[in-house]
Amino acid sequence: MPFEKFASYSGRGDPNPLRLRIWAPFASSSETFYEVLIRRTIHGGEGGDRQVTVADLIGLSLNRYAEEKKEPVLAAKQLNVNRWTLRLIEDDEVDYDFPALDRTKPVVAFTTVNNKVARSRSGSSSYDEFALVEATDEQFKENEQRTPQFQQESPGSTGDDEFIPVSKVPSSVSSAAPAARRAILS
241 MPFEKFASYS GRGDPNPLRL RIWAPFASSS ETFYEVLIRR TIHGGEGGDR QVTVADLIGL
301 SLNRYAEEKK EPVLAAKQLN VNRWTLRLIE DDEVDYDFPA LDRTKPVVAF TTVNNKVARS
361 RSGSSSYDEF ALVEATDEQF KENEQRTPQF QQESPGSTGD DEFIPVSKVP SSVSSAAPAA
421 RRAILS
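Each residue of the sequence shown is one higher than the one before, counting from 241 in this note's numbering.
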């Protein structure tokens, strides 16, 4: 499944995850919001733990989109974290008055509900909400420079073969193949 490496960032089972609702305005289903629980920190290798970033949240959000089998299925070129941005939501609309969230900053820099001490009844949940929006070509180029560690994902088993890229054999290889076959058979 695409974006599977981000599944380890999930806050399911974590005692204090960031509780988020992600809006996919491009989705065709009536339920365009979906819940994403993400850990506040992740293991950052030799540097120790680090706060989860906006780019990490984009990856997990795309993983959850695929898990929930939302429609439309993402096209092959959309299977890259750098092709996406997170934006604020205001009055149930994407807020384009503000720029996309800085993908290198910790998610908690943009949350408000998750930063408050829990005073609500147990069992009730509050969420911060963000919109998952496809980046423009200009944003994609900038994202590639700012977060080059995120690469194109493999479609895996998306369930829709039309989105699986087919590698093309260079013409020099295809024309050499019959000659090589003839040489082997002679």
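Ideal Cβ placement from N, Cα and C applies to all residues, glycine included.
| Asked | Found |
| --- | --- |
| Reduced DSSP secondary structure (H/G/I, E/B, other) of Y249 | helix |
| Collapsed DSSP secondary structure at L186 in the structure displayed | Coverage of the chain is limited to positions 241 through 426, which leaves residue 186 absent and any answer about it impossible. |
| Cα-Cα separation, T398 to R304 | Residue confidence for T398 is low, a pLDDT of 41 falling below 50, so the modelled location carries little weight; the figure read from the coordinates is stated next. Near 13 Å, if we compare the C-alpha coordinates of R304 and T398. |
| Residue(s) in a DSSP beta bridge with E333 | E330 |
| Proximity test, N322 beta-carbon vs the ligand ZN heavy atom, cut-off 7 Å | Inclusion of the ligand ZN in the displayed structure is not the case, the ligand content being empty and no account of it being possible. |
| Residue of G288, T352 and Q379 minimising C-alpha distance to I329 | T352 |
| Buried/exposed call for L258, threshold 16 Cβ in 10 Å | buried |
| K309 versus D337 - alpha carbon distance | 31 Å |
| Alpha-carbon spacing of P405 relative to E393, whole angstroms | At P405 the pLDDT is 36, less than 50, meaning the model places this residue with poor confidence and gives no usable figure here. |
| Best match in G285, L326, E311 and L319 for proximity to I298 [C-alpha to C-alpha] | L326 |
| Backbone CA spacing between F380 and P255 [nearest angstrom] | 35 Å |
| Contact under 8 Å by Cβ, R261 with F273 | yes |
| Unbroken beta strand (DSSP E) run spanning E240, endpoints | With the chain running from 241 to 426 in the structure shown, residue 240 is simply not present. |
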